[in-house]
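Protein chains in written order, with the numbering used here: chain Y, 19 to 357; chain U, 19 to 357; chain G, 95 to 422; chain C, 95 to 422.
Each residue gets a CB set at the ideal place from its N, CA and C atoms; glycine is no exception.
What follows is one structure encoded as structure tokens, with my remarks underneath.
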Ligand SMILES: Cc1ncc(C[n+]2csc(CCOP(=O)(O)OP(=O)(O)O)c2C)c(N)n1
Ligand SMILES: Cc1ncc(C[n+]2csc(CCOP(=O)(O)OP(=O)(O)O)c2C)c(N)n1
Ligand SMILES: [Mg+2]
Ligand SMILES: [Mg+2]
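Take a look at the structure:
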């Protein structure tokens, strides 16, 4: 799709000899892209419902960060959580079943897209309430600290979310208790239909983090190598006991805020122009320039497509949950029930 | 009382020839001091109840700021609001009646100490919920902006309160809408029984304000001249259309957090040592050095004492409210009532 | 009279009030761009007519949306704050309860707080646990708040106008599924008084008392029940606080039977207040115990078969009514 | 058995659980210095025994106190978060309702949320509108929450222990006026089961169902009524969700009369849920309508004569009972 692509920086330092490693990340990014396209289609076709938030264009952030995490590390996500889940290792078939609301879904169909979660890989949940992931992530990190465990916690927030109070409370708290926490601000320029800059004072997310003495790095979030590099360094610092760190990743949401968003609030041509900087094409070029055969790259794309197609078919074929499951996983649901 | 006193800076610039003006402020500070002593005594004697928060030692902040305001300007206060109210021009007799819960109290006895308010002088209320004054102050300033009025809004918050989310939301909002708002952080070093520094990350309130591009000035809040000077300059900027400003005033709470606080959490001698920097003695010395006769100064102190003694007697003599007033000033209080 | 969508009717109400009174203004997230990502037209065209000072697109700062509305109300304006849904409204419960609701009283009548806060309620297919709640019962429990729950486009318009003119804080709870629904709306300055119920259907066997979308569902159930010879009177409360005791009591005195269907969780829902009041004060006229039908104490699940178990439908309402009439 | 203050009993409960289970910890404002400015001894000595990692003095950040507790619960610890009062608890309603209460369900049972959040309730002389609320009814309305309201030192201890061991989120609501009250507390590992009422007084004429401090006030009223020959059974629910339907129903079946006194605002209070349930399910055994007695829908005023009009006292309870027995 991309005709003219932005260039990616060469990987720095000890990560330089890493084309194979980057190739793995490329594959995950392709998987996210295909999943998101399918997620949207599932809404259009009436298999899923509610609000579907795609992360097309933001794949490098999810993957660049989560690659540097271990399975035992934990992440808290937000409403736009599919990519984070896949990057952290969630199974795309179980995720697709969840979107379809079927048996075998990651949450048995109880959560759907906005609450995608896979605790088995440390993905502690997408979330429909902005900024709550920050305070919960802080708490998860505090649990780690109390138990003396060797793991870290990552929290993904959007740029618009940095104007909610709990975001700041969380920054202060994380620093005060010197918690093993990485906060990643995925700055895609928009808060729903509003340009975030217009409603945001001062120098932005990184400046705000630094006001709490939390080291903050801003990167081109569409440059996988840059994200990988920065996340790797920040996470190393956290593991080294240096306390919370902040990653500000500049990116772009190429699709609507939710599936039914017509993007009427954007200037004509903006979306198309921005497509030139989308991260998958960029890293694909870099991989090609760094010795990965074209066939392997197109093969990776095809494989992602195939895996998602299979997930789609599996989801479509999966049974709907027994209605009685509505009354499980809850403390005491009162009486009487109808039905 | 004070034996060795910290010195006050000479008043700068156009405020230099102001001993008479400063004398007026000194009188207000004395009135606050006496009111606070009486407020405490009213609790001890059982005339008032609940939580009485004295502002002894912090008088220079309230007075230095409010002197630079006009009667049409508005302030939002916090739980420690007596001084703010008096500085803004509230009547001490009506306030004392409020503390006693009597007819003629500023709120007819419905609010008490923690909710002291006098809308007739633009004092829009002390408040029992920390940081809510910030968001409400922002709203008052927005009303001013919408109506195109020529007035400003001041908001007083404590240092501990700067860790609550709404505080930051308010900063961002005030800057985004370029509101005529002065936020005053009265930094007395404590949040109840906790040393605020221990639970506060980064460079503190002024640094936080600057992260939102709000100009912030830190002053010795026990130096009336410094507070007056800084507040005057910041308020002039606001009136000049330069948007929100932030004043960080370093001070000390010489008494307990509330009347029944035994100050067990303080190091021995700390309170006594800090007393040397209390603001009334300092400005009294400066006034003496700048030509105000000693008799006038002691006379001012005596007058404050007398006014508060009279307020006390008036409050004691005032009738208790008619119990039926419990059911006025409310939209629809439901049924049934007992009694 | 003109047929229009609920969301158009409430937009007209707001526009008319903003024209009438220059101190009326509105604020909320994505207000000026909302058409971009939602289907509701509640704010279409307002910023063009009234400008960005009075139609304020806010940061994502729920505490401040609510707190600023309170401050601005006290300082002489009439804000209409939109928290988009009552689920997000929980992020600003403090400012609504501890400030908006108490200021008039706590300061002995020195100030009034003429604000409206919009908090949409209700289940919308697939929105799941965090976007489908109906917590009108919380606000009814809070002294000082008026709570409005319109069901029709006409009432949406007339009650929003009344809410804006009210000198006390009003929680205005639109049902998400109603925005797109059409209805006849009287032209001109249509104002519906706060606290007056409307009778959606006359009947003599049983009274259904409902509010918001459930009032329409109750009407649908009643129409169905008529086919089985059960003649149901349906009362749409329109306002849950204050609620129209007179209208409800008159109906119950006539029918002797009450069913209270509600979309909210039954346990601790507003229906409990209604049921308890009726049971206490009309004990002697009741031919059957007062019956509530509300959602189980379960978060809203996502998958359709599960959601269908947790939401209350006209069919459930009809079944409960039949059971009360001994025709189950 | 030993006589001790309520606040000492709950401190012992917490200390014992922290000794028993290393994943139990507590957090809140001024926890480690609380003795300094309050009279409650709920946390005295804990930081000395367990250290600052497990007894955490927090910033004034209610959202994060609650949100961090949720995150830490999900991540394998058992936090006991203190919001000091339910009035401040409103600042963190979102994290409690939208996260703590829903996570287990919303994620299909992948996680449990074993946390306790303490939110003190009740009127304390002179604390006025923003520090005297009792909003247990809000949390009862929220699927997923357990709500505990102990009245005695023994129950404070036994129920806090049960709450800490519960795998679902518990709102633990202590009454401010009870902290200083003394009572006999069984020694050893005293755990009181969640959801079981206790009968404070046996009687045959009328049942009073209450919780928290009002249960003791009801008992006082009952003792007084005995002198007029009215024999009242007093049930202390102890837990308002789940509530002990069996115990309440057994008593009502015996007496045929129920009075539900509550300190909270009557409109929309938990008493409405009780009254509606009893009225619906025990209609036929009732000799008189179910009667509620709660505070008017009015914020709490400061001045004593006004406060006395708004708070419910044992004398009011006794008067209501007499009226029910036709002896007013
Ligand atoms: C507390 C809260 N307020 C409002 C919303 C509605 N909402 C959902 S997503 C969104 C925009 C978020 O913008 P941003 O943080 O930049 O994330 P992005 O969608 O761009 O990924 C809004 C306002 C919400 N879910 N929660
Ligand atoms: C939202 C909220 N949380 C907690 C409290 C309890 N509280 C009252 S005053 C106080 C300390 C405030 O410290 P600071 O802001 O520094 O003001 P100061 O008392 O020092 O003037 C606390 C924790 C409250 N009133 N409101
Ligand atoms: Mg964004
Ligand atoms: Mg302080």
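For the region 54-78 of chain Y, enumerate the residues whose C-beta is nearer than 7 Å to any C-beta of chain C, in chain order. So the list is empty, because no residue satisfies the distance condition.
State yes or no: is the C-beta of residue 77/Y nearer than 7 Å to some heavy atom of ligand 1? Walking along the first chain from the start, residue 77/Y turns up at place 59. Relative to ligand 1, the beta carbon of residue 77/Y is positioned no closer than 7 Å to any heavy atom.
Could you check where the alpha helix (DSSP H) with residue 410/C kicks off and where it finishes? Looking up residue 410/C in the fourth chain gives position 316. Taken as a continuous stretch (DSSP letters only), the alpha helix (DSSP H) holding residue 410/C covers 408-418.
Is there at least one Cβ from chain U nearer than 8 Å to residue 360/C's Cβ? The count along the fourth chain starts at 1 and reaches residue 360/C at position 266. Yes - at least one Cβ of chain U is within 8 Å of the one on residue 360/C.
Looking at chain Y, which residues of the region 190-207 of chain C have a Cβ within less than 8 Å of any of its Cβ atoms? Those residues of the region 190-207 of chain C placed with their C-beta closer than 8 Å to a C-beta in chain Y are 192, 193, 197, 198, 199, 200, 201, 202, 203, 204, 205, ordered along the chain.
Determine, using beta carbons only, whether residue 414/G and residue 373/C come nearer to each other than 8 Å. Taking the first residue of the third chain as 1, we reach residue 414/G at position 320. Taking the first residue of the fourth chain as 1, we reach residue 373/C at position 279. The answer is no: Cβ separation not under 8 Å.
Which listed residue (54/Y, 78/Y, 227/Y, 58/Y) has its alpha carbon closest to that of residue 186/Y: Within the first chain, the letter at position 168 stands for residue 186/Y. For the residues 54/Y, 78/Y, 227/Y, 58/Y, the minimum Cα distance to residue 186/Y belongs to 227/Y.
Within-8 Å CB hit, residue 165/C to chain Y: For the purposes of this step, residue 165/C is identified with residue 71 of the fourth chain, where counting begins at 1. Yes - at least one Cβ of chain Y is within 8 Å of the one on residue 165/C.
Please tell me whether residue 269/C and residue 214/C are closer than 8 Å, where the distance is taken between their beta carbons. To locate residue 269/C, count along the fourth chain from 1; it is residue 175. To locate residue 214/C, count along the fourth chain from 1; it is residue 120. A distance below 8 Å separates the beta carbons of residue 269/C and residue 214/C.
Alpha carbon to alpha carbon, how far is residue 346/Y from residue 375/C? For the purposes of this step, residue 346/Y is taken as the residue at position 328 of the first chain. For the purposes of this step, residue 375/C is taken as the residue at position 281 of the fourth chain. So the alpha carbons of these two residues sit roughly 25 Å apart.
What span of residues does the alpha helix (DSSP H) with residue 399/G cover, start to end? Start at 1 with the first residue of the third chain, and residue 399/G comes out as number 305. Counting along the chain, the alpha helix (DSSP H) containing residue 399/G begins and ends at 398-404.
Closer than 7 Å: residues whose CB approaches a heavy atom of ligand 1: Checking every Cβ against the heavy atoms of ligand 1 under 7 Å gives 71/Y, 96/Y, 97/Y, 98/Y, 146/Y, 147/Y, 148/Y, 149/Y, 175/Y, 176/Y, 177/Y, 178/Y, 179/Y, 182/Y, 204/Y, 206/Y, 208/Y, 209/Y, 210/Y, 214/Y, 271/Y, 275/Y, 123/G, 124/G, 154/G, 156/G, 178/G, 182/G, 185/G.
Where does residue 395/G land, buried or exposed, given buried means 16+ other C-beta within 10 angstroms? Locating residue 395/G in the third chain gives position 301, counting from the first residue. Buried.
Below 8 Å on the Cβ atoms is my contact criterion, and I expect residue 301/C with residue 277/C to pass it. Report the Cβ-Cβ distance as a whole number of Å. If you number the fourth chain from 1, residue 301/C lands on position 207. If you number the fourth chain from 1, residue 277/C lands on position 183. The pair is not a contact, with the Cβ atoms about 23 Å apart (cut-off 8 Å).
According to DSSP, what are the bridge partners of residue 276/C? Here residue 276/C refers to the residue found at position 182 when the fourth chain is read from its first residue. DSSP, once it has assigned bridges, lists 99/C as partnering residue 276/C.
So, is residue 96/Y buried or exposed, given that buried needs 16 or more other C-beta atoms within 10 angstroms? As a working note, residue 96/Y is residue 78 in the first chain. Flag for residue 96/Y reads buried.
Selection from 311/U, 254/U, 116/U that minimises the alpha carbon distance to residue 83/U: In the second chain, the residue the question calls residue 83/U occupies position 65. Among 311/U, 254/U, 116/U, the Cα nearest to that of residue 83/U belongs to 254/U.
Is residue 258/U close to chain G, meaning its C-beta is less than 8 Å from at least one C-beta of that chain? Residue mapping note: residue 258/U aligns to position 240 of the second chain, counting from 1. Between residue 258/U and chain G, the shortest Cβ-Cβ separation is not below 8 Å.
Assuming the contact rule is C-beta atoms closer than 8 Å, residue 94/U and residue 154/U should be a hit. Round their C-beta distance to whole Å, please. What you label residue 94/U is simply residue 76 of the second chain in a count that begins at 1. What you label residue 154/U is simply residue 136 of the second chain in a count that begins at 1. 5 Å between Cβ atoms; contact.
Comparing C-alpha positions only, which one of 242/G, 171/G, 338/G sits nearest to residue 230/G? Along the third chain, read from residue 1 onward, the residue named residue 230/G stands at position 136. Checked all of 242/G, 171/G, 338/G; the closest Cα to residue 230/G is 242/G.
If you reduce the DSSP assignment to three classes, tell me which class residue 242/G lands in. Along the third chain, read from residue 1 onward, the residue named residue 242/G stands at position 148. Judged by DSSP in its simplified three-state form, residue 242/G adopts strand.
Cβ of residue 295/C within 7 Å of any heavy atom in ligand 6? No copy of ligand 6 appears in this structure; the ligands present are ligand 1, ligand 2, ligand 3 and ligand 4.
Where residue 377/C falls: helix, strand or coil (DSSP): As a working note, residue 377/C is residue 283 in the fourth chain. The DSSP-derived three-state label of residue 377/C is helix.
Could you tell me which residues DSSP puts in a beta bridge with residue 362/G? Position 268 of the third chain, counting from 1, holds the residue named residue 362/G. Partner(s): none; residue 362/G has no beta bridge.
With 16 as the cutoff for other CB atoms within 10 Å, does residue 100/C come out buried or exposed? As a first step, residue 100/C is located in the fourth chain; it is residue number 6 there, counting from the start. For residue 100/C, the number of other beta carbons within 10 angstroms of its own is at least 16, and it is reported as buried.
Using a beta-carbon distance below 8 Å, is residue 265/G in contact with chain U? Translated into the one-based positions of the third chain, residue 265/G becomes position 171. Not closer than 8 Å to any Cβ of chain U, the Cβ of residue 265/G fails to qualify, so no.
Identify whether residue 91/U lies in helix, strand or coil by the three-state DSSP scheme. Reading the second chain from its first residue, position 73 is the one you call residue 91/U. If DSSP states are grouped into helix, strand and coil, residue 91/U belongs with coil.
Please confirm if residue 133/Y has its CB atom under 8 Å from at least one CB of chain C. The count along the first chain starts at 1 and reaches residue 133/Y at position 115. Yes, residue 133/Y lies at the interface with chain C (some Cβ there is under 8 Å from its Cβ).
Would residue 213/G pass as an interface residue toward chain C - the criterion being a Cβ-Cβ separation below 8 Å? Here residue 213/G refers to the residue found at position 119 when the third chain is read from its first residue. Not an interface residue.
Per DSSP, cross-strand counterpart(s) of residue 151/G: In the third chain, residue 151/G corresponds to position 57, counting from 1. Residue 151/G is bridged to 122/G.
Give a yes or no on whether the C-beta atoms belonging to residue 389/G and residue 340/G are separated by under 8 Å. Walking along the third chain from the start, residue 389/G turns up at place 295. Walking along the third chain from the start, residue 340/G turns up at place 246. Against a cut-off of 8 Å, the Cβ pair of residue 340/G and residue 389/G comes out as no contact.
Along the region 226-247 of chain C, where does the CB come closer than 8 Å to a CB of chain U? Name the residues. Interface annotation for the region 226-247 of chain C against chain U: empty, criterion Cβ-Cβ distance under 8 Å.
Buried or exposed for residue 38/Y, please, with buried defined as at least 16 other CB atoms from any protein chain shown within 10 angstroms of its CB. Taking the first chain and counting its residues from 1, one reaches residue 38/Y at position 20. By the beta-carbon neighbour count (other beta carbons within 10 angstroms, threshold 16), residue 38/Y is exposed.
Starting from the C-beta of residue 112/U, find all residues in its chain whose C-beta is less than 8 Å away, skip the five residues before and the five after it, and write them out in chain order. Taking the second chain and counting its residues from 1, one reaches residue 112/U at position 94. Setting aside the 5 residues that flank it on each side, residue 112/U is surrounded in the same chain by 122, 123, 124, 136, each with a C-beta closer than 8 Å to its C-beta; the list follows chain order.
Closer than 8 Å by C-beta to residue 21/U: which residues in its own chain qualify, once you throw out the five before and the five after it? Chain order, please. To locate residue 21/U, count along the second chain from 1; it is residue 3. Bear in mind that the predicted position of residue 21/U carries a pLDDT of just 42, short of 50, making it too unreliable to give a figure here.
Pairwise C-alpha distance: residue 421/G and residue 357/U: Residue 357/U sits at position 339 when you count from the first residue of the second chain. Residue 421/G sits at position 327 when you count from the first residue of the third chain. Here residue 357/U scores only 42 on pLDDT, less than 50, and its place in the model should not be relied on; the value that follows carries that caveat. Distance between the alpha carbons of residue 357/U and residue 421/G: 46 Å.
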